[in-house]
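Undergrad:
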Amino acid sequence: MTRKRWLFVLSLGLITGAFGPGGAMAAGSVESAASRCDSAPTGSRVQDYFLHFTVPAGLMPDPQFDGRQARIQVHRVRPVYAHGKCRNVPNRAAVLVHGRNLPGTPVFDMRHPAPEGGSLSMQRTLAQAGIDTFAPSLLGYAHSTRFRHGLDDPGNASLRPYLSDGSCPYPEGCDRSHLPFFRLDQQGTLLLNNPLNGQRRAHSSNYRFGRIDLWVRDIRQVIDDAIARDRPSDGKVTLVGYSLGGQHVGRTLFAANPVLPGSAAVIAKVNRAVFAESIFGTPTEEVTPTTGFTSFPTNLTTRSDSDSTWAMAPERDAACTGHIVPSSQQQLWTQLMEEDRLGRRWGGDRDHPTGVSRAPTFSSYGWNATVAQQQTTPSLVINGLEDRTPLATPADASALYNSLGTANKVQVQVQCASHAILWEGCSGSRCTPPSGTPYGGLPGYPWAGPHATVQAAVIEWIKNGTFNSATNGRFTVSTSGVVTPSP
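With the numbering used here as the guide, the letters of the sequence shown map in order to residues 714 to 1200.
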C-alpha cells in the first residue's frame, strides 16, 4: 500500500470512528475540549508600565516644567483565564486613584496576606472576581516623573519659616506652608546630615508642585488607556478614589471644570464611582491663600507618619482588636521604599539611611457640595467611623453622601475602621457576630475585618451598582462585620 493510500485509509477510519457506533460521544468530546472555557478567573497577572506625555502649559505652578516630557507609572493587575474566558463573561475595568502621600501600588496592591487566608491587596482580590484594575501613581509619585529640579532635588524640601515680621534671616531662604500637613524645615529635621552634608540649600523650584487639575489630566489619560487595554463590555470604567484620590475623582467628574475642557466626554466613559475615606469640603476652584501658596515642591513622609494612617482614639484602638494586621505597617513602608529609590537613601546618615518617602505639595480644591451636587455618576461612599484624618472624618463622608446629586448613591460606615480601612483586620471574640453573617463572608465564619468589607463592597458596586443588593441608602457595618440600615 502506498503512503498516500495508507493516509487516506487512516483518515477514513478516524472519520468512521467519530461518526459510527459511539461516534457521537467521540465528536462531543472533541467539541467539548475545543470549546472549553473558564467562567471565573484561574489566576491573575501583574504588569507595570508607563504612559508618556508632554506637560501642558499652566497645569504645573512652576512654569519651568511646561512642555517637559513626563511619564505616569501604571500598576495593572488583571484576571487570567487559563482556558480562555467564556463569551458570556463581561470585561470590567476600574481605575484606582491613590491619596496624598501613598502612591498607587502600595495602596491598592499591598503584598500581605490577610489573617483569614485572603489578601490585603484590593487589586488581586478584584482580579479574582474578574475585574481588571489600573492603579496609576500620579505625576510626582513613585516611579512617575518627579523632575531633577522638582522632587529629585533634596534642596526642594522645606526650609525654616519666615519670622513673624515677614523677614527671612537665612541665606538659603525661608518657606511658608498654606496647608498644615506640609511641614516646614524638613531639610533641617530630616535631611541635614544625609544628603545635605550639614548645610540647608536654596530651592531650585519655589512653587508647590501641582494643582488638582494636573492629576485630573493624568486620570483622563489612564481612563483612555484602561479602556483601550481591557475593552470593557460597556466601554466604561469605574473610578475608585482613596483619601485625596476621592477629591481627584470628584474633580474628574465635574462637568463644569473651567480648566480642562471636554469633561462631558470623560464622564461618559465612567459607569460608577467609589469614594473611600475621601476628603471633602475644599473650594470649588483654586483660591490663593492670604499668606500665599506653599513655597516648596517636596513633602517628606517618615515611617512614623506612615504608621499614623492606622491612628484611632486610644479607647477605640483597644476595643477594635486586630484592626492592625501584624506586620502590615512594615509591609506598607517596605513597598513605599521600593517605589522611592532616591528617597530611601535619604535621612539618618549615609551609612545608615532611615529613608523618607517623597510626595508633591499642591493646592487643594474641586470637591465640595457644589461640585458633588451636579454629579450624576452612581456613587458609593465608604468610610471608617474611627478615621481621625482632617477633611476625611465620618462627618465629612456624610456631608459628601448628602451632597451627591446622583439618584443612585450608597453610604457605608464601618465600625472599627480608621483611615487605613483598606488594610485593617479583626481578631478575637468581637469578630464572630452573635447573629447574622458578616457582609461578603460565609455563615458561621468570623469577620475578616474592614479590608474584606471594602473589597466585597467595591466588587458588588462595580458589577451590579448595589451594596447589599440596595441601589440607595445608608448602612452601618458593625464591629462584627454585619450590615444594618442606618437611619
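Even glycine gets a Cβ: it sits at the ideal position worked out from N, Cα and C. Note that this is a predicted model, so its numbers are computed, not measured.
For Ile992 and Ser752, what's the separation of their Cα atoms in angstroms?
TA: Translated into positions along the sequence shown, residue 992 becomes position 279. Translated into positions along the sequence shown, residue 752 becomes position 39. Those two C-alpha atoms are separated by around 38 Å.
Undergrad: Just to confirm, are Ile1095 and Arg805 a CB contact at a threshold of 8 Å?
TA: On the sequence shown, position 382 is the one that residue 1095 refers to. On the sequence shown, position 92 is the one that residue 805 refers to. No, Cβ-Cβ distance for Ile1095 and Arg805 is not below 8 Å.
Undergrad: Is there contact here, the region 1171-1190 with the region 845-852, by at least three beta-carbon pairs under 8 Å?
TA: The region 1171-1190 is not in contact with the region 845-852.
Undergrad: Per the DSSP calculation, Asn1012 is bridged to which residue(s)?
TA: Working through the sequence shown from its first residue, we reach residue 1012 at position 299. BP columns for Asn1012 point to Ala1072.
Undergrad: Would you report the Cα separation of Gly901 and Arg873, rounded to the nearest angstrom?
TA: In the sequence shown, residue 901 corresponds to position 188, counting from 1. In the sequence shown, residue 873 corresponds to position 160, counting from 1. Straight-line Cα distance between these residues: approximately 8 Å.
Undergrad: Exposed or buried, what is Asn984 when buried is set at 16 or more other beta-carbons lying within 10 Å of its beta-carbon?
TA: Numbered from its first residue, the sequence shown carries residue 984 at position 271. Looking at its Cβ environment, which holds 16 or more other Cβ atoms inside 10 Å, Asn984 is buried.
Undergrad: For Glu885 and Gly831, I'd like the C-alpha separation in whole angstroms.
TA: If you number the sequence shown from 1, residue 885 lands on position 172. If you number the sequence shown from 1, residue 831 lands on position 118. Cα to Cα, Glu885 sits roughly 51 Å from Gly831.
Undergrad: What is the residue span of the alpha helix (DSSP H) that Leu927 lies within?
TA: Residue 927 sits at position 214 when you count from the first residue of the sequence shown. Where Leu927 is concerned, the enclosing alpha helix (DSSP H) stretches over 925-943.
Undergrad: Cα separation between Gln1128 and Ala1072?
TA: One-based indexing of the sequence shown puts residue 1128 at position 415. One-based indexing of the sequence shown puts residue 1072 at position 359. Using only the alpha carbons, I get a separation of about 30 Å.
Undergrad: Is the beta carbon of Asn907 sitting closer than 8 Å to the one on Gly1061?
TA: Start at 1 with the first residue of the sequence shown, and residue 907 comes out as number 194. Start at 1 with the first residue of the sequence shown, and residue 1061 comes out as number 348. Cβ distance < 8 Å, so Asn907 and Gly1061 count as in contact.
Undergrad: May I have the straight-line CA-CA distance separating Val1125 from Asn1181, to the nearest angstrom?
TA: Position 412 of the sequence shown, counted from the start, is the residue given in the question as residue 1125. Position 468 of the sequence shown, counted from the start, is the residue given in the question as residue 1181. Those two C-alpha atoms are separated by around 10 Å.
Undergrad: Rounded to whole angstroms, what is the Cα-Cα separation between Ala795 and Val759?
TA: Within the sequence shown, residue 795 is the residue found at index 82, counting from 1. Within the sequence shown, residue 759 is the residue found at index 46, counting from 1. Approximately 15 Å between the Cα atoms of the pair.
Undergrad: Which word fits Gln665, buried or exposed, when buried means at least 16 other C-beta atoms lie within 10 angstroms of its C-beta?
TA: In the structure as shown, the chain begins at 714 and stops at 1200. Residue 665 is therefore absent and cannot be evaluated.
Undergrad: State the Cα-Cα distance for the pair Leu839 and Glu1051, rounded to the nearest angstrom.
TA: Within the sequence shown, numbered from 1, the residue matching residue 839 stands at position 126. Within the sequence shown, numbered from 1, the residue matching residue 1051 stands at position 338. Spanning the two alpha carbons is a distance of roughly 23 Å.
Undergrad: Indicate whether Gly923 and Thr995 have their beta-carbon atoms separated by less than 8 Å.
TA: Mapped onto the sequence shown, residue 923 falls at position 210. Mapped onto the sequence shown, residue 995 falls at position 282. No, Cβ-Cβ distance for Gly923 and Thr995 is not below 8 Å.
Undergrad: Where does Val1195 fall in DSSP's three states?
TA: Here residue 1195 refers to the residue found at position 482 when the sequence shown is read from its first residue. Val1195 falls in the coil class under three-state DSSP.
Undergrad: Could you check what DSSP says for Leu764 in three-state terms: helix, strand or coil?
TA: Numbered from its first residue, the sequence shown carries residue 764 at position 51. Leu764: strand per DSSP, three-state reduction.
Undergrad: CA-CA distance, Asp1030 and Leu1113?
TA: Residue numbering aside, residue 1030 sits at position 317 when the sequence shown is read from its first letter. Residue numbering aside, residue 1113 sits at position 400 when the sequence shown is read from its first letter. Answer to the nearest angstrom: the Cα atoms are 26 Å apart.
Undergrad: Where are the beta strand (DSSP E) runs, 3 residues long or more, that stay fully inside the region 827-882, in chain order?
TA: Correct list: 844-850.
Undergrad: Can you give me the C-alpha to C-alpha distance between Val1195 and Cys1144, rounded to a whole angstrom?
TA: The count along the sequence shown starts at 1 and reaches residue 1195 at position 482. The count along the sequence shown starts at 1 and reaches residue 1144 at position 431. Those two C-alpha atoms are separated by around 10 Å.
Undergrad: Leaving out five residues before and five after His765 in sequence, what residues of the same chain have Cβ atoms less than 6 Å from its Cβ?
TA: Taking the first residue of the sequence shown as position 1, residue 765 is located at position 52. Taken in chain order, the residues that qualify are Arg784.
Undergrad: What number of angstroms, rounded off, separates the C-alpha of Val1085 from the C-alpha of Ala1161?
TA: Working through the sequence shown from its first residue, we reach residue 1085 at position 372. Working through the sequence shown from its first residue, we reach residue 1161 at position 448. The identity of residue 1085 in the sequence shown is Ala, whereas the question assumes Val. Distance between the alpha carbons of Ala1085 and Ala1161 is about 32 Å.
Undergrad: Answer yes or no: do Thr1007 and Thr1074 have a C-beta to C-beta separation smaller than 8 Å?
TA: The count along the sequence shown starts at 1 and reaches residue 1007 at position 294. The count along the sequence shown starts at 1 and reaches residue 1074 at position 361. Yes.
Undergrad: How close, in whole Å, do the beta carbons of Leu1135 and Met835 come, if the pair is a contact with beta carbons under 8 Å?
TA: Taking the sequence shown and counting its residues from 1, the one referred to as residue 1135 is at position 422. Taking the sequence shown and counting its residues from 1, the one referred to as residue 835 is at position 122. Yes, Leu1135 and Met835 are in contact; Cβ-Cβ is about 6 Å, under 8 Å.
Undergrad: On the DSSP letters alone, give me the boundaries of the beta strand (DSSP E) that Ser1092 sits inside.
TA: Locating residue 1092 in the sequence shown gives position 379, counting from the first residue. Segment 1092-1097, the beta strand (DSSP E) holding Ser1092.
Undergrad: Is Pro819 near Leu973, with beta carbons less than 8 Å apart?
TA: Within the sequence shown, residue 819 is the residue found at index 106, counting from 1. Within the sequence shown, residue 973 is the residue found at index 260, counting from 1. Against a cut-off of 8 Å, the Cβ pair of Leu973 and Pro819 comes out as no contact.
Undergrad: Following the continuous alpha helix (DSSP H) through Tyr1114, name the residue where it begins and the one where it ends.
TA: Within the sequence shown, the letter at position 401 stands for residue 1114. Looking at the DSSP string, the run of the alpha helix (DSSP H) that includes Tyr1114 is 1107-1116.
Undergrad: Within the continuous alpha helix (DSSP H) that includes Arg964, where are the two ends?
TA: For the purposes of this step, residue 964 is taken as residue 251 along the sequence shown, with counting starting at 1. Counting along the chain, the alpha helix (DSSP H) containing Arg964 begins and ends at 957-965.
Undergrad: From Leu892 to Thr1001, what does the alpha carbon distance come to, in whole angstroms?
TA: For the purposes of this step, residue 892 is identified with residue 179 of the sequence shown, where counting begins at 1. For the purposes of this step, residue 1001 is identified with residue 288 of the sequence shown, where counting begins at 1. The straight-line gap from Cα to Cα measures roughly 12 Å.
Undergrad: Ordered along the chain, which non-local residues of its own chain (more than five positions away) have a Cβ less than 6 Å from that of Leu851?
TA: In the sequence shown, residue 851 corresponds to position 138, counting from 1. Cβ within range, chain order: Trp928, Asp931.
Undergrad: By a C-beta neighbour count over all protein chains shown, 10 Å radius and 16 as the cutoff for buried, is Leu815 buried or exposed?
TA: Numbered from 1 along the sequence shown, position 102 holds the residue referred to as residue 815. Classification for Leu815: buried.
Undergrad: Which value, in whole angstroms, describes the spacing of the CA atoms of Arg944 and Leu903?
TA: Position 231 of the sequence shown, counted from the start, is the residue given in the question as residue 944. Position 190 of the sequence shown, counted from the start, is the residue given in the question as residue 903. When rounded, the distance between both Cα atoms is 46 Å.
Undergrad: Enumerate in chain order the residues of its own chain whose CB-to-CB distance from Ser1092 is below 6 Å, with the five nearest sequence positions on each side excluded.
TA: Position 379 of the sequence shown, counted from the start, is the residue given in the question as residue 1092. Excluding residues within five positions, the ones whose Cβ falls inside 6 Å are Ala986, Leu1117, Thr1119, Lys1122.
Undergrad: Pull up the DSSP beta-bridge partners for Thr1189, would you.
TA: Here residue 1189 is taken as the residue at index 476 of the sequence shown, counted from 1. The partner list for Thr1189 (beta bridge, DSSP) reads Gln1126, Thr1197.
Undergrad: Are the Cβ atoms of Gln899 and Leu1013 separated by less than 8 Å?
TA: Your numbering for residue 899 matches position 186 in the sequence shown. Your numbering for residue 1013 matches position 300 in the sequence shown. For Gln899 and Leu1013, yes; Cβs fall inside 8 Å.
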